[in-house]
Structures are given as structure tokens and as C-alpha cells.
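Novice:
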Amino acid sequence: WLRGVILAMVATSVSVPALLGDEGMWLFNNPPLARLAEKHGFKPDAAWLEHVQKSSVRFNSGGSGSFVSADGLVMTNHHVASDALQKMGTKDRNYYRDGFYAKTRAEESKCEAMELNVLESIEDVTAKVNGAVKEGLSADEAFKARRAAINGIENDENKKTGLRCNVVTLYQGGAYHLYRFKRYTDVRLVFAPEQQIASYGGDPDNFEYPRFDLDAAFFRVYEDGKPAKVKHYLSWSKNGCADNELVFVSGHPGRTNRLATMAELAYTRDIGFPFLMQRLYRLEVLLAAFSARSEENARQAKEMLFSIQNSRKARVGGLGGLLDPELMARKEAEEKRLRAAAAADPKLKDAVGSWDKIEKAHKVRAEIIRRYTLLEGGSGMLSELFGIARTLVRAADEKSKPQAERLREFIDSNKEPLELELFSEEPIYEGFEIVKLADSLTYLAGELGLGDPLVVKVLAGKSPQARAAELVNGTKLKSVAERKKLMSMQCITMISLRILQRFGITSQVGSRFELV
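First residue of the sequence shown? That's 24 in my numbering, and the numbers climb one at a time after it.
1) How far does the alpha helix (DSSP H) with residue 431 in it extend, from its first residue to its last?
2) Judging by CA-CA distance, which residue of 249, 287, 279, 200 is the nearest neighbour of residue 358?
3) Confirm, please, whether the CB-CB distance from residue 77 to residue 141 is below 7 Å.
4) For residue 514, count the other beta carbons within 10 Å of its own beta carbon; 16 or more makes it buried, fewer makes it exposed. Which is it?
5) Give every residue of the same chain whose Cβ lies closer than 8 Å to the Cβ of residue 206, excluding the five residues on either side of it in the sequence, and list them in chain order.
6) I'd like the ranges of any alpha helix (DSSP H) spanning at least 4 consecutive residues and lying wholly in the segment 74-144.
7) Which residues in the same chain as residue 517 place their Cβ atom closer than 8 Å to its Cβ, once the five residues preceding and following it in sequence are excluded?
8) Residue 199: which of 146, 251, 184 sits nearest, CA to CA?
9) I need the DSSP call for residue 290, collapsed to helix, strand or coil.
10) Report yes if the C-beta distance between residue 240 and residue 99 is below 7 Å; otherwise report no.
11) Is residue 71 buried or exposed, if buried means 16 or more other CB atoms sit within 10 Å of its CB?
12) Per DSSP, what are the beta-bridge partners of residue 209 in this structure?
13) Assuming residue 237 and residue 221 are in contact, meaning their beta carbons sit under 8 Å apart, how far apart are those beta carbons, in whole angstroms?
14) Which residues in the same chain as residue 470 place their Cβ atom closer than 8 Å to its Cβ, once the five residues preceding and following it in sequence are excluded?
15) Tell me whether residue 448, by its Cβ, gets closer than 6 Å to a heavy atom of the ligand ADP.
16) Anyone know if the C-beta pair for residue 256 and residue 79 falls short of 7 Å?
17) Please confirm if the segment 446-464 is in contact with the segment 487-496, defined as three or more CB-CB distances below 8 Å between the two stretches.
18) Excluding five sequence neighbours on each side, which residues of the same chain lie with their C-beta closer than 8 Å to the C-beta of residue 507?
19) Within 10 angstroms of its Cβ, does residue 196 collect 16 or more other Cβ (buried), or is it exposed?
20) Residue range of the beta strand (DSSP E) that residue 471 falls in?
21) Per DSSP, what kind of secondary structure is residue 259 in: helix, strand or coil?
This is the structure in C-alpha cells:
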């Protein structure tokens, strides 16, 4: 999920409905200064770029926002606040539906497991990462060498600076940048409107413009129990945008697929999107049916249902593009020109075979995507409790490894962000968990077959409904105190055994337990 902080340009004419975007998204340490000066007569200096960069914030949910006052007020979109609204709600108070407004600072409500990051600095560490890959290493050995180098950089920088330090992979490994973030973990909700006005325009239209709604929410970050004092924030404009004014958008974007090859696009069109949409449609029906049973059910499922609907709508549009013969013909022609140019340039001789390697990789991906999605992706065991159990199991296993060999989320420098979420007091609703888990176990059995050894072990001779109820009602992981106890236990085997036997999804290999 880690991506580069970017600056996007939109040359606007606000008197017309359409906004015309200039080409490209740009890293703060590589802005298009010459292009800005030539096309728009504007050349931002280092102080301007630093101000915009440090006025921007990243939510650990992946959302973007910005400081808009000197006392830590943050503005973002309503959907970024939806998770907090859901967690704050109770049977008697439906904040997601009705909105939230703190009339005083004392009423600002702390958000469970929420973290805001502000990018303090960027350092190019490409040479350090690539230098760890010695000549003659296999692909697997090279991957492990890069991971060891990245883990080492992140741990060392965290110890040195006290900041959250993440190495971000850019351009598919063409560059590696070290991002140093200031962390804010005391984040409080100030205002969010009712959900209906935040997405006014109807379910089909929220990816289309213009929209007429109040799609906004405000948080405040605190330090030492007091509103944070920030130097960099974006001030309010009394006049708004003018015609033909240059507008910049700063934040942490979703990834683009502009560099996808024809083999990748074909995989996405024929396998990836159809398989994903099958799951999304299934979940949408499940959540809608659960919500229809009672107002409380609807409150519990609302945020997840809204997210699933958004994902489904995005993929419907994406698949529509991939099925457009004119668009695909254009992409194919572009790829042919690029391949011809690479073949004609001696400097690019090593890249000539890349397209064939990518095509082979996607054939392998097609073979493993189903089982990978069901197990590692969690689609076959959809439950907050399963996610907690797996994190605890992996944490125990990873602690036994040297730092260089660990999964990145379990190295020492990432301990605090991991525990922030793992030990969150956010509510877990047993009835909702049982419904989700029962349906996903049914899906698991349907996809892999009832006789699959893993399915047999998971279901343990029971129906998906009975097994889900047994697991959810029987586990102690709903207790944060129990999670902390398990996390602190010194005996790794005991942690793994207790949790994995509870879920019935382990196999023993020697003296180690492996999550299947």
C-alpha cells in the first residue's frame, strides 16, 4: 500500500463542467519545474514544495487529507471518516447515518486505530537496495537480498530519527525512496455530515462529475493531550478558484496501470476482474440481505457495504474499458511501437525480453490466483477475528527470525503501527462475524471442493454455518487483553498452537507450525 507522495496538476476553467488535467503525477523530489514554467508561467521554489508536502497528511487507511489550521485541524473526504464513524457508533447512536459534530474541543472523539502521517523527508536509497543484490543470485535470492536491505534501512532510520520510516518501491523497482513520516496516533473526529448528503447524487454516480454534495470530514491531531501546533497548513481562500487558474492536488494516490502490458491487460480482462467481481457481487448481496433484517444490522454493515459497492462500480467501469476493442487496439499499437523502439536501441537490449517474461508470469498468476485469493487474500475466511488470529500467529513466527528475513510489517520499526491496529478497542459484532465467516467458508468449499484437504480441516466435519458459529463464539480473541497476552508470550510454539488449533487451519512441519 505504500506509494509515493505525489503532486498532480489540473489546469482548470471553472466556468465549464469539465476540468482538464495536465499530464502526469509527480514526486515532490522530482517536480516538473521546466514544464510548469513553460506551460503555466509558474516555477515553485523549494519552500513552496516543502510547504505543500508538509501540509499534506496520509491516513493509515490509505486516505489523503491536509492540515487546514495551525492547531492541527485536518480536512479530508467523508469516506475516509466512514470507518471512524462506524466504530464510534452504537445501537442507539448511528453516526455514519446521522453525522457527527463536536461543538467544543472536549467533544472531539478519539478514533480507534487511526494514525496520520506527515512526510518529513525523502532520500533516494536505490543504490543501497540494488547493491545488496549480487551478481549470479536467483530471482528468489535477489528478492530476499532486497528485503533484507529494505528491512535494515527502515530499522536503522527508525532508531536514528524516531520517525516512521518506509522504503517505497517506485517504477516497478526502478527506484527506491526512503520516506520519513511524523506519526500522529491521537486523532479525533471533529465533524462529518450525514452519509446521505456526503454522497448525494445516487449510488451509480459517485464516480462521475459533477456531484453536488458535502463530501468532507474534519479531524484534529493531538500531541500530549493538546491540539498539535503545526507550521505548515493550507489556508482558506475567501474567493475560491478563478477561471483558468492552475490548481494542484497533493496526496497519496491509488496506483495507475498505464504501464501495464497487453498480457497484463488480457489477464485482468479475462481472469482478474471477472473473479473479483464475482466476489464483490456475492458480498454485496450478502451485506444487503443482512442489513435488511434490522436497523442495527444495517448500521453494523453500512461501511463495509458502501466500500464493496464502490469497488464493484470501479471494476464495472474498468472491465468496460478492457472490453472496448478500440481502446485495446490503441494499447496494442502503442506496445508494438515501444517494443520496436526497445529492439532498435542497443542500450535497451536487456529490456527486449521483458514482455515475454511478464506474459509467462501472468500465466502462473492465473494458475494460483484462486487459491491465493481464498487463503492469503482471506476471501475464504472473511472475519475480523481471523485477521487478528493470523497476525498473532505470524508475529510469533516472525519474532524467531533475524530482522533481515522478516516480513516487513513485523520488523521492529513497524511494531508500533502494527500494535495500534492489533490492540484496537473497536467493536466486533459476533452476529455479523458469524454471517461473514459462514458465507466465506461456503465460498471456500464451493471453489476448492468439499473434499479438498484444507476444506476438510477447516470445516472439521461441520457445516459452514455451524463451524462459523463455533469459531466466533469460542474464540477469546475478541478480548484485547487476551491478544496482548498472546503477543507477549515467550513460547512461540504455544502461541501458534493455541490460535491455530482454535481455527483448525494448521499443519505441523517438524517443530514449526505453518499457516496454511
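All C-beta atoms, glycine included, are put in the ideal place defined by N, C-alpha and C.
Specialist: Based on what the coordinates show:
1) From DSSP, residue 431 is part of no alpha helix (DSSP H); its letter is neither H nor E.
2) 287
3) yes
4) Interpretation of residue 514 is limited by its pLDDT of 45, a score under 50 that renders its predicted location unreliable; the figure taken from the coordinates is listed afterwards. When all chains shown are included, residue 514 counts as exposed.
5) 138, 139, 140, 186, 187, 439, 440
6) 101-111, 118-121
7) Reliability of the predicted coordinates at residue 517 is poor, the pLDDT of 46 falling under 50, and no value is obtained from them.
8) 146
9) helix
10) yes
11) exposed
12) 245
13) 6 Å
14) 393, 397, 403
15) For the structure depicted, the ligand ADP is absent and the ligand set is empty, with no information on it obtainable.
16) no
17) yes
18) 446
19) exposed
20) Looking at the DSSP string, residue 471 is not in any beta strand (DSSP E); the run it does join, the alpha helix (DSSP H), is 453-471.
21) coil
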